[in-house]
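Okay, so here's the structure we're looking at.
Protein chains in written order, with the numbering used here: chain R, -7 to 151; chain Y, -7 to 151; chain A, -7 to 151; chain E, -7 to 151.
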């Protein structure tokens, strides 16, 4: 099962070529990921994107840091500025002991015709204990919350 | 009359102090301004923020560039990352021959208690003819569209 | 007396208009300011810019935070991408009890003909005790280090 | 043969974790790449980094756009803010008909002990004719200029 996270652009995401900058795309993926993983202040997990895998507390003083170990991105189509949010599909391609791979397909806004696949990407995240700075295992609660979103990893065309 | 533009934060707006970076605030103001001034592709002016002063075509190949001549910002309270969009109030503090001053008050999200005024700001924009690179006068159509949003300029406390 | 801080641009500082973005200019000013205020790890103050007012320890875990209370910027000329660093002149326009105003003139790279004044700006900084979160007074050591760089505040043309 | 491009950090490259943000790393790679590929205004290729593969004119109005088709990044060590520029090693891992793969190793500043490998990365660039928007072949002049920098592609450890 995939999450759909509506992710608004900013005009400042454009670079001098007039398209969304390739580095900025990673900030958009980061934001979609946080929307999906973020826990509400009251500890509940439901939020703006409707469904949520949110079980990590990413607020200041949290006990877990989520470090980025690896990113892979394929840029298929240039993305212009547009007012409607991009439709970022997000799922988990792999769950290891202390790490997981988040996969993405970045699409044109819901309702846009034709639907365009702009970008494919995958991020490897390591859960790190904030106190010790060492990787810590994915807990049972987290594993259960994420399992519904486990699918085959994104397939890159150009490797 | 003021426009209220809901403006979402990104986690990447934070700097190493864990608050929205002072420079990034200008990108947030820019985005609110574009949401308010942007013309739909079909030439109509209504859009996501409900009401709109949108009469400038800011799309690529547009005939008018909007250049920033001046900015003034007062940072009153540090802004943490939060999932709900900031409530940016936006109005026009002054309309000249070829320039206008956009004023802002950046507030905590609608519904947050207590309501917090984070930032006050003003931006002087000059309308420039894309072909000649010279300032061009505000047209009658634009002036009429903007007049309802004309109020006294923002008052800065520390000058 | 003014400090001259050579400040390199990045291509990613450009926006879709092909010039240095107005918000990004504040990051450039921030970097010039840090170059000027930064203390070496060994506690000495001399550094890359030759002379330095560096007496604040801005490293992680430092006891003082430098918060931005106010910024004012006049954008006089659009700045293209260029390989040589901008020449940012920096001085102190006012020293209060717990705050100071840093003034800037951003010029074209040293040696460029004609010399162009791109931007004028001023930043009000408040020294905050990291432990209490409250403003703390400028110390005698700091005051002595900064006094040589005290000049009349930058004069803005359009207020 | 590899180019060594000294690439300065900015304090604003840090995110709320106090380290260089993963997305911002791509802007640093972009800047190193531009330093290496950039042609001087007088058409000569030598520049600040000593040696150069600079044969593409990336200035506004240039006839070739360099589009990013793919990026892969391994983040090995968190990067703190530091005053000395990072030492980015850069070479060409593959040259195709209309595309090339630029490889990077991002190291701690020259002279820092111990030398730390922070990041490994590779970028696939497609040369695009600005007039037609279509890929165009790498020219003989370009191929000759780049061949000395052709080495085995970077080897990623975690795929």
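Backbone N, C-alpha and C define an ideal beta-carbon position, used for all residues, glycine too.
I want to verify the contact list: residues of chain Y whose CB lies under 7 Å from the CB of residue i, in sequence order.
i, result
"residue 9 of chain A", "57"
"residue 0 of chain R", "0"
"residue 3 of chain R", "22, 23, 26"
Going by CA-CA distance only, name the one from the options that's closest to residue i.
i, options, result
"residue 0 of chain R", "R/92, R/10, R/-7, R/16", "R/16"
"residue 19 of chain R", "R/9, R/8, R/2", "R/2"
"residue 149 of chain R", "R/125, R/120, R/114, R/132", "R/114"
"residue 56 of chain R", "R/83, R/144, R/118, R/141", "R/118"
"residue 89 of chain R", "R/127, R/70, R/72, R/143", "R/127"
"residue 22 of chain E", "E/116, E/143, E/85", "E/116"
"residue 59 of chain Y", "A/80, A/29, A/121, A/71", "A/71"
"residue 112 of chain Y", "Y/129, Y/14, Y/120, Y/135", "Y/14"
"residue 124 of chain A", "A/4, A/54, A/9", "A/54"
"residue 5 of chain E", "E/73, E/147, E/92", "E/73"
"residue -2 of chain R", "R/137, R/130, R/99, R/151", "R/99"
"residue 76 of chain R", "R/104, R/28, R/87", "R/104"
"residue 135 of chain A", "A/12, A/8, A/86, A/7", "A/86"
"residue 120 of chain Y", "Y/95, Y/8, Y/91, Y/27", "Y/91"
How about residue i: is its C-beta nearer than 8 Å to some C-beta of chain R?
i, result
"residue 65 of chain E", "yes"
"residue 99 of chain E", "no"
Hey, does residue i have any beta-carbon neighbour from chain A nearer than 8 Å?
i, result
"residue 20 of chain R", "no"
"residue 62 of chain Y", "yes"
For a contact meaning CB atoms closer than 9 Å, what does residue i contact in chain E?
i, result
"residue 6 of chain Y", "7, 8"
Could you give the C-beta distance for residue i and residue j, rounded to a whole number, given that I count them as a contact under 8 Å?
i, j, result
"residue 64 of chain A", "residue 97 of chain Y", "Their Cβ separation, rounded to whole angstroms, is 17 Å, which puts residue 64 of chain A and residue 97 of chain Y out of contact at 8 Å."
"residue 110 of chain A", "residue 61 of chain Y", "Contact flag wrong, Cβ pair sits at about 13 Å."
"residue 78 of chain E", "residue 101 of chain E", "6 Å"
"residue -7 of chain E", "residue 145 of chain E", "With 8 Å as the limit, residue -7 of chain E and residue 145 of chain E do not qualify as a contact, their Cβ atoms being about 15 Å apart."
"residue -5 of chain E", "residue 82 of chain E", "5 Å"
"residue 138 of chain E", "residue 84 of chain E", "5 Å"
"residue 147 of chain Y", "residue 108 of chain Y", "Incorrect: roughly 18 Å between the Cβ atoms, too far for contact."
"residue 8 of chain E", "residue 10 of chain Y", "5 Å"
"residue 94 of chain E", "residue 151 of chain E", "With a Cβ gap of about 18 Å, residue 94 of chain E and residue 151 of chain E do not count as contacting."
Does any residue of chain E bring its CB to less than 8 Å from the CB of residue i?
i, result
"residue 130 of chain A", "no"
"residue 54 of chain Y", "no"
"residue 12 of chain Y", "no"
Which bits of chain E does residue i rub up against, with CB to CB less than 8 Å?
i, result
"residue 157 of chain R", "Residue 157 of chain R is absent from the structure shown; chain R starts at -7 and stops at 151."
For residue i, return the contacting residues in chain R, with the cut-off set at a CB-CB distance below 9 Å.
i, result
"residue 25 of chain E", "Chain R residues near residue 25 of chain E: none, gap ~11 Å exceeds 9 Å."
Please compile the residues from chain Y whose C-beta is within a distance smaller than 9 Å of the C-beta of residue i.
i, result
"residue 135 of chain A", "Here the premise fails: no neighbours, minimum Cβ distance about 21 Å."
So with CB distances below 9 Å, who are the chain B contacts of residue i?
i, result
"residue 15 of chain E", "You won't find chain B in this structure, because its protein chains are R, Y, A and E."
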